Every structure is written in C-alpha cells, then in structure tokens.
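Just remember that the working numbering sits 33 ahead of the position in the sequence shown, which is counted from 1. C-beta atoms are modelled at their ideal positions from N, C-alpha and C, and glycine is treated no differently. A quick note: this is a predicted structure, and the numbers were derived from the prediction, not measured. A quick write-up on the structure given underneath.
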Amino acid sequence: MKKFILGLVVAIFAIGSSFAFDMSIGIKGIVGADNSQVKGTALGGGLDINLDFAKGFGLQIESNIAPSTITSTKDGLTVANNMMVQIPVMAWYNARFNWFGFGLGTGISCILSENYPENSSNMKMGLSAGARMRFFVSENFAISLGVTGNLDCFPTVIKTNTENGKNYKSEKSDFSRNAIYGSIGLEYFLPLWYK
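Laid out in structure tokens, this is it:
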C-alpha cells in the first residue's frame, strides 16, 4: 500500500510539471467516519494536489489516510486499528476573491481497507465529491477547510481460491465503505509555470 501511494504522488508531480498551468500542494488533518466493520471516529491526515488548467477548472487529487478509529466508552477512549486509504480524483472548479476562495468537484475514488469481510476485496471504487474554503494569509499560502465524501456504489470483482485455481466474480456493492471526512490544512500555491 505504501508503494502504491508513493507511486501515485510521484506520478502527480510528473503530470503537474508537464501540463499544469497552476498548482497547489496541501497537507491536512482529517476527522470523519465510515461504515466499515470498525465503529468510531476516524482520525488521520493526507496530502492534496490541485491542478488548475484554465480559468479555475482543473483536477483535485486527494489522499485521505485514516490509520485508526477512536471510540469513547465508560472505561475511556479505545483506539482500534482501522487503516482506510481513500484517493479521490475529482474534476474541480476553483474560485478566488482576494483573500477568500472556494472550490468544489466530483469524480471517482479508490478505497483501500485492511479490515474487510472474508471473500471480499481490500480495494473498491466509488463516487466522490468534495468542497473546500480557502483563507489566504499571503499570496501563496492559505488555510483550508474542506469536506470529502465517498460513496461505495460500484460492483467489485472478488477473487477466491479453488482447488483447480482461482475464481473471479463480480458482486454488487454492499456500501460498506461509504465515508465522509472533514479536514483542516495548509496549502501552498506554486507560481504560474506557463502562460
């Protein structure tokens, strides 16, 4: 999973350096919930890349990494391992008004989980949507507040081992990885590379 994420980040930077007219990089903390087998509040962080191709229209690529889930009981706080990685890739629109900006978009999401039912898959695809407000503290730095939701709605190809080999079948979604995350972070806007 770590190699996959690292490869994605490298690919994003390669695309950005070749084609993007404008680009921002953000780091964030996230809090939210999903309806996986592990209940509670998910905490984590992530890295976001925004590519602005023309007049605010572009691409938003996010990584929402929540390694654990916290629940409150009468005995105190319980922390459970619940690694969930969601990588939404969304068509995005940015608008900026002096010190304030906002963005919104929709697309698809790759959802990876270490806790999944038997005879299921650790990777699923879903729909994603997001929105973000930005408060600029300088020309290139902004504080961002955002929300991203994922809908686990696409069929999944399930692989099972049999005596004679491997069997693949498509199963309809059980909506077990729906999720919504709120985020707060910092963004750095790179200068225009091409005009």
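Three-state secondary structure assigned by DSSP to residue i
i: N114; result: strand
i: N131; result: coil
i: F187; result: coil
i: D108; result: coil
i: E172; result: coil
i: K61; result: strand
i: N97; result: strand
i: R165; result: strand
i: E196; result: coil
i: D207; result: coil
Check whether residue i and residue j have beta carbons under 8 Å apart
i: L76; j: I103; result: yes
i: S69; j: M117; result: yes
i: G134; j: F169; result: yes
Spatial neighbours of residue i in its chain, beta-carbon cut-off 8 Å, leaving aside the 5 residues before and after
i: T111; result: G73, I103, T104 and S105
i: C186; result: G159, L160, S206 and F208
Cutoff 6 Å; reference residue i; Cβ partners in own chain excluding five residues on either side
i: S216; result: K61, I63 and G179
i: R165; result: G136, S177 and G179
i: A113; result: V71 and T102
i: N97; result: I63, G79, Q119 and Y214
Residue of the options minimising C-alpha distance to residue i
i: S203; options: L80, V190, I213 and N197; result: V190
i: N211; options: A124, L223, G218 and Q119; result: Q119
i: S171; options: N131, G182 and N97; result: N131
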